[in-house]
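In UniProt numbering, the protein residues as written are 1 to 398.
The C-beta atom is built at its ideal place from N, Cα and C for all residues, glycine as well.
Owing to the predicted nature of the structure, the values given are computational and were not obtained by experimental measurement.
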């Protein structure tokens, strides 16, 4: 029989103490016992479990609940989840259900079966690309929310301090980024002082919300029009400069640490004798900024250039693939991720795999969903435990 001072089978050693795995109560006296697992090993094991499963662990006991918020587990889990190959795919779309508009985040498993990730009532909204499992949702009425579809947590941001003029256009107003050194998440929002496409006269104010604070910070203005969804890579947010991006002249970069703007040169497209049949656009592939040329409406080739060295502005031509074999070609295809010599392309309601090296290899359609209309998005996604750190301003969807 165990002595009265020995831990029970439902206790675990943690940081020099003993914690009851059911109650979560920590004993003051350090204990040792055969078969007890040190906390660092528990964290290592849990970091390999999918985020959606870890969230369910919060219901087990106080200890399991607290562990899912432990920064060591959050960081290690995010690091491992970011290296899952191939990446998971998250679908974002909106529809009408019983006269109520709803938005949906659906996760696709590695077998390409959809799993209902998150559904909520909402007016028409826009979504930023995911950033470490977080997304920013916003509308043209200055309602802005951060969301973690894995933890089902929402953070309603304070109303912007500076309101835009009533300008409705395709220009996205909010962007979400993360700096790998400062570890800070920031929402970057633009608002119009002046916008005239005829004279190409622009004055866009910019303010930043840093997760963990509770106010917007005005950081200045720029005198150009920004196009694109704001690509987050290596501590920067990137857009193409100008309204006409058939062949962009420059890329605008926003440093998420210094909160300053600068411009970088685009690749030398002419050296590749590219026939541009549609607007070029920016994406993130393999964690890096890419410029993609994909023609509209008629078969051709898709080319992608990758910013290999952002310090010295070194670009490489990452791939060129024929689009002739894609059935039902219409509108512009968008690359989602690269894995094992193939690129996953989203083409309206379909997801395709296309070989980067073998033009003779058949194009493989892996998923079809009629909900993927022109406004829907398909993102490479990481299930993360990153918390929206504000005790009094978050809510959960059950």
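For residue j and residue i, the rounded distance between their alpha carbons
i: residue 142; j: residue 160; result: 7 Å
i: residue 306; j: residue 103; result: 32 Å
i: residue 372; j: residue 95; result: 10 Å
i: residue 106; j: residue 91; result: 5 Å
i: residue 380; j: residue 89; result: 5 Å
i: residue 191; j: residue 74; result: 34 Å
i: residue 378; j: residue 36; result: 43 Å
i: residue 77; j: residue 83; result: 10 Å
i: residue 385; j: residue 212; result: 16 Å
i: residue 375; j: residue 127; result: 10 Å
i: residue 146; j: residue 133; result: 11 Å
i: residue 268; j: residue 48; result: 42 Å
Limits of the alpha helix (DSSP H) - the one that residue i falls within
i: residue 73; result: 71-81
i: residue 52; result: 51-57
i: residue 64; result: 62-67
Per-residue DSSP class, three states only, for residue i
i: residue 144; result: strand
i: residue 222; result: strand
i: residue 125; result: coil
i: residue 355; result: strand
i: residue 188; result: strand
i: residue 204; result: strand
i: residue 263; result: strand
i: residue 45; result: helix
i: residue 176; result: strand
i: residue 270; result: helix
i: residue 159; result: coil
i: residue 322; result: strand
i: residue 247; result: coil
i: residue 361; result: coil
i: residue 228; result: strand
Nearest candidate by alpha-carbon position, reference residue i, set the options
i: residue 100; options: 110, 85, 122 and 88; result: 122
i: residue 68; options: 81, 223 and 54; result: 54
i: residue 150; options: 284, 223 and 119; result: 119
i: residue 114; options: 369, 243 and 124; result: 369
i: residue 233; options: 288, 208, 223 and 318; result: 288
i: residue 208; options: 202, 197, 200 and 158; result: 158
Beta strand (DSSP E) segment containing residue i, residue limits
i: residue 37; result: Premise fails: residue 37 is in no beta strand (DSSP E) and is neither H nor E.
i: residue 255; result: 250-255
i: residue 313; result: Note, residue 313: premise wrong, no beta strand (DSSP E); not H, not E.
i: residue 285; result: 280-285
i: residue 131; result: First-last for residue 131: undefined, no H or E at that position.
i: residue 240; result: 236-241
i: residue 378; result: 377-381
i: residue 332; result: Careful: residue 332 lies outside any beta strand (DSSP E) and carries neither H nor E.
i: residue 288; result: 288-293
i: residue 343; result: 342-347
i: residue 88; result: 88-97
i: residue 102; result: 100-108
CB of residue i within 8 Å of CB of residue j, strictly
i: residue 79; j: residue 43; result: no
i: residue 342; j: residue 354; result: yes
i: residue 173; j: residue 210; result: no
i: residue 291; j: residue 266; result: yes
i: residue 228; j: residue 206; result: no
i: residue 382; j: residue 129; result: no
i: residue 301; j: residue 271; result: no
i: residue 235; j: residue 181; result: yes
i: residue 230; j: residue 239; result: yes
i: residue 64; j: residue 58; result: yes
i: residue 322; j: residue 364; result: no
i: residue 280; j: residue 293; result: yes
i: residue 178; j: residue 188; result: no
i: residue 86; j: residue 339; result: yes
i: residue 402; j: residue 367; result: An answer regarding residue 402 cannot be provided, because it is not within the stretch 1 to 398 covered by the chain.
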